[in-house]
Amino acid sequence: MSKKRILISGLLLCMLLPIAQADEGMWLPYLLQLNESDMQQKGMKISAKDIYDVNHGSLKDAVVLFGGGCTGEIVSDQGLLLTNHHCGYGYIQSHSSLQHDYLTNGFWARNKNEELPNNGLSVTLLVEMKDVTAEVLNGIRNNMTENERKTIVTQNIKTIQQKATEGTHYKAVVKPIYNGNQYLLFINEVFTDIRLVGAPPSNIGKFGGDTDNWMWPRHTGDFSVFRIYCGKDGKPAPYNKDNVPYKPKKHLTISLKDTKTNDFTFVFGYPGMTQQFLTSFAVELIQNQTNPIAIDLRTQRLDIIKKYMEKDKLTRIQYSAKAAGIANGWKKWIGQNNGLQRLDVIKHKQELEQRFNQWVAENSDRQQQYGGMVEAYKAFYDQLRPIAKEVSYFMEAFYSIESIKFAWQMHGILQADSLNSQQKQQYTLRINNFFKDYNSNLDKEIFDALATAYFANAQDIPNATLDKVHKIGLTKLSNEIYSKSILLNKDKMLEIVAKDDKKALNKLKKDILFTFTIPIVEHYNTNIAPKYSNLSKQTDSLDRLWTKAMMEMQPEKTFYPDANLTLRVAYGNIKGYQPKDGMIYKHYTTIEGIMQKENPDIYDYVVEPKLKDLYKHKDYGRYANKYGELPVCFIATNHTTGGNSGSPVLNAKGELIGLNFDRCWEGTMSDIQYDVDLCRNIILDIRYCLFIIDKYANAKYLVDEMTIVQ
Ligand code: ARG
Ligand code: GLU
């Protein structure tokens, strides 16, 4: 469709329907009054103040940043917390052993004494957010260099953060929004005694695995249960067995009522990053260079890993978390590139840039402020592109080889002529950690593929290395590394470290894996990485100005600040979609789909006998819908991204109806370009979550803690 047609039909729509707002956007809770009428028109029955209020308990008091990159919600007056299984995964794994394999079998504390503390896990609750732009920019003049500006901004932020928390146990952080045109202060309370309460077995919590990841229809019970503990005074305290469950200002009410298509719904959580203001040049770099390189290299890596995982059970255990991490980004980028192409984003951005140039030309003030920006961006990306390519090949090829990464992690040992007890301990730990999940045949195959790709494509490689590779040949080099390197010999390495064997340490300096790895990584760290980061910083001022101009040029549009891991509200409606011509997706799935996917021979699709039994007897209790089905997942038009995992999904009354855990594949370009027809977030239905806790795990005492409406 031509741009003109879109504009005209858009205009018509505006005139016909009062609700002209898109479902796009992640809104700031403290400014939610601005969205209130739109939200109510879409079906919301509560007020913006019910969602965010600093003077009274509001929904925001029940939403937390879980760890450093997920969201969770408080569902009882005793600090009971829900988040995704994939957010709790690392903690569940850390409590697991061959005797107690909680990852495989699930874990349920039968009472508070059995709840397990988690070292390093914190939960952050927002106390208040406010605009501090004037204070941050105090002392900034227009004719300053970017560096002068940065110095003042950094100092001001430090002062503001200090002042905001003086005499309290709160933590403060100031973050820019709109690419540095505005600054917000967040005052937080950080709890550090967080205990694991329960987790379903992986074949429920990760049902469908990487095969179903980013896809609809979905049947994953992606949740885990934790509890926040605090000191007896109700304030955060480090782990202590005498700590007490946290009593929140507010916990969420859970609704088991039926939901239907078009129902209003909102997601309240911590989205990590979106980039709506990217220029055509930036999208072009992502779509035509960064993503294709990463996708290609990860395809090679995953094919090799999969081959070995299928052959051998131990390898499957060793590599399943690694493979999940590699595949998650890989699959998202494939979806993102498809979406960017489908929406013709580069072309639309180019048209916007042409419009911008005309808009600037209309007025001399604008010419002075914004003249030449598109050209400046073009010149900038011409410079960035080749360096970005070096970074991609280094990160996704060379440094993705496990032995190389290990060699770099161990390279400190080269500086030491002898090891003190702390170093001994540290290196022993690294060696054990590395070999616990390592298969050297697999890694060698990856080396052969990725090192070949690296040397064929990277340009900026130290000459001595190139000479060596030319002389010896990569194949021979690889054979020698994997047959001769002492670094790859676990027992030998442990012995050298334990005995502080000086002769062997000295010999290690000439180890072929070290001599091959170190010069390349050092060259990257001293030349390529700084060049890339200095260059990237150069766009800070350009991006700030561009964002300001874009907002000024399109006064009819309501802009949301891009996600930056701060608390946001995204709202929309429950809705299916049409992924492709001739296909229609329903808005929800049921346990029928789990049984249809069941395959005892495929790891991702194994169904536990207990679940099958409950299914056979249709023993769904009060968790069935009005058709007698057990709902599992549903989708909506909420604009979400990474970090929204575990976010509460709420209904028109602000009651919890599900946990956000993914997006549909066709819509993963929404970090750059949202589209209401294609973008859907994927939500675990709270009824399936409670069914598993109650009926499957027999942990009804947890459900009894919750506030449930039916
Ligand atoms: N795609 C989701 C996210 O980005 C879920 C990832 C975890 N699940 C998996 N099968 N790897 O985090
Ligand atoms: N699974 C993602 C997360 O961990 C959420 C999916 C998305 O990127 O939207 O945050």
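At position 505 of the sequence shown the residue is numbered 640 (the numbering used here), and the sequence of numbers has no breaks. Ideal Cβ positions, reconstructed from N, Cα and C, are used throughout, including at glycine. Small disclaimer: the values here were computed from a predicted structure and weren't measured.
Item checked: G344: CB within 6 Å of a non-hydrogen atom of the ligand ARG -> Correct: G344 has its Cβ closer than 6 Å to the ligand ARG.
### Message
Whole angstroms are fine: how far does the CA of I389 sit from the CA of I843?
### Response
Answer to the nearest angstrom: the Cα atoms are 5 Å apart.
request  = Have a look at K513, K721, P252 and flag the residue whose alpha-carbon is nearest the alpha-carbon of K710.
outcome  = When each option's Cα is compared against that of K710, the closest is K721.
Neighbourhood of K177 by C-beta distance below 7 Å, restricted to the same chain and skipping five residues each side = For K177, where only same-chain residues beyond five positions count, the Cβ hits under 7 Å are I154, F399, Y706, N708.
Between G777 and the ligand GLU, is the CB less than 6 Å from at least one heavy atom? Result yes, Cβ under 6 Å from the ligand GLU.
Cutoff 8 Å; reference A299; Cβ partners in own chain excluding five residues on either side
A distance below 8 Å between beta-carbons, with the five flanking residues on each side excluded, links A299 to the following residues of its chain, in chain order: Y305, A307, L320, I322.
Closer than 6 Å: A459 CB and nearest the ligand ARG heavy atom:
It does: the Cβ of A459 is within 6 Å (strictly closer) of some heavy atom of the ligand ARG.
**Report entry** Range of the contiguous alpha helix (DSSP H) that encloses Y286
**Finding:** With the sequence shown as reference, residue 286 is identified as Thr, and Tyr is not the correct amino acid for it. Under the DSSP assignment, T286 falls in the alpha helix (DSSP H) whose first and last residues are 281-300.
Check: Hey, quick one: how far does the alpha helix (DSSP H) through V271 stretch, first residue to last?
Finding: For V271, the enclosing alpha helix (DSSP H) covers residues 268-271.
Given S144, which residues of its chain have a CB within under 7 Å of its CB, disregarding the five upstream and five downstream residues? Any answer about S144 is weak, because its pLDDT of 45 lies below 50 and its placement is not dependable; what the coordinates show is given next. So the list is empty, once near-sequence residues are dropped.
Residue range of the alpha helix (DSSP H) that A459 falls in?
Unbroken alpha helix (DSSP H) run through A459: 448-477.
**OP:** Take D188 and list the residues in its own chain whose beta-carbon comes closer than 7 Å to its own, dropping the five residues that flank it on each side.
**Re:** Nothing meets the Cβ criterion.
Who are S211's beta bridge partners in DSSP? The partner list for S211 (beta bridge, DSSP) reads M841.
Q. Measuring CA to CA, which of H546, L623, I548, P597 is closest to K579?
A. Of the listed residues, the one whose Cα sits closest to K579 is L623.
Practice item. Note down, in chain order, each residue of its chain lying with its Cβ closer than 6 Å to the Cβ of R451, except the 5 sequence neighbours on either side. Key: Contacts found: M444.
Quick one: what's got a C-beta closer than 7 Å to V852's C-beta in the same chain, skipping five residues either side?
No information on residue 852 is available, as it lies outside the stretch 136 to 845 that the chain covers here.
Q. Can you tell which of K467, A639, N240, L700 has the C-alpha that lies nearest to the C-alpha of G204?
A. Comparing Cα-Cα distances from G204 to each of K467, A639, N240, L700, the minimum goes to L700.
Quick one: what does DSSP say L151 is sitting in, helix, strand or coil?
-> Only weak support exists for where L151 lies, its pLDDT of 40 falling under 50; the value from the coordinates is given anyway. The DSSP-derived three-state label of L151 is helix.
Strand pairing of T206, partner residues [DSSP]
T206 pairs with L200.
Exercise for the section: Locate the beta strand (DSSP E) running through R490, then write down its first and last residues. Expected result: Note, R490: premise wrong, no beta strand (DSSP E); alpha helix (DSSP H) at 480-496.
Nearest residue (CA-CA) to Y823, options T776, E840, V767 = Nearest C-alpha to Y823 among T776, E840, V767: V767.
> With DSSP run on the structure shown, which of helix, strand or coil describes A244?
Replying inline: If DSSP states are grouped into helix, strand and coil, A244 belongs with coil.
Handout entry: Under 7 Å between C-beta atoms of P336 and G474
Key = Contact: no.
Q.
Beta-carbon within less than 7 Å of S676's beta-carbon, same chain only, minus the 5 sequence neighbours each way: which residues are those?
A. Hits under 7 Å: E281.
Roughly how many whole angstroms lie between the Cα atoms of N833 and H658? Spanning the two alpha carbons is a distance of roughly 57 Å.
Judging by CA-CA distance, which residue of K195, I181, V210 is the nearest neighbour of D839?
Comparing alpha carbon positions, the residue from K195, I181, V210 closest to D839 is V210.
Cβ pair I181, L167 closer than 7 Å = Contact: no.
Practice task
In angstroms with no decimal places, state the Cα-to-Cα distance between D266 and P696.
Solution key: The alpha-carbon separation between D266 and P696 amounts to approximately 13 Å.
* Asked: Which residue's Cα is closest to the Cα of I616: I647, A593, K751?
  -> Nearest C-alpha to I616 among I647, A593, K751: I647.
Limits of the unbroken beta strand (DSSP E) element including T724:
Bounds of the beta strand (DSSP E) holding T724 are 723-725.
Check whether the Cβ of W349 lies closer than 6 Å to any heavy atom of the ligand ARG, and answer yes or no. Because some heavy atom of the ligand ARG lies under 6 Å away, the Cβ of W349 counts as near it: yes.
Fill in: Rounded separation between L200 and N779 - CA only
Roughly 9 Å separates the two Cα atoms.
Along the alpha helix (DSSP H) that carries F590, what are the first and last residues, could you check? Taken as a continuous stretch (DSSP letters only), the alpha helix (DSSP H) holding F590 covers 575-592.
Within the segment 493-563, note down every full beta strand (DSSP E) run reaching 3 residues or more, in order along the chain.
Runs of the beta strand (DSSP E) inside the segment 493-563: none found.
Inset, instruction - Please determine if the segment 422-431 and the segment 523-532 are in contact, where contact requires at least 3 C-beta pairs separated by less than 8 Å. - result: Result yes; three or more Cβ-Cβ pairs closer than 8 Å.
Discussion item. Just to confirm my understanding: we take D572, look at its own chain, exclude 5 residues before and 5 after, and list those with CB closer than 6 Å. What are they?
Written reply: The beta carbon of D572 sits closer than 6 Å to the beta carbons of Q453 from its chain, once the five residues preceding and following it are set aside; these are given in chain order.
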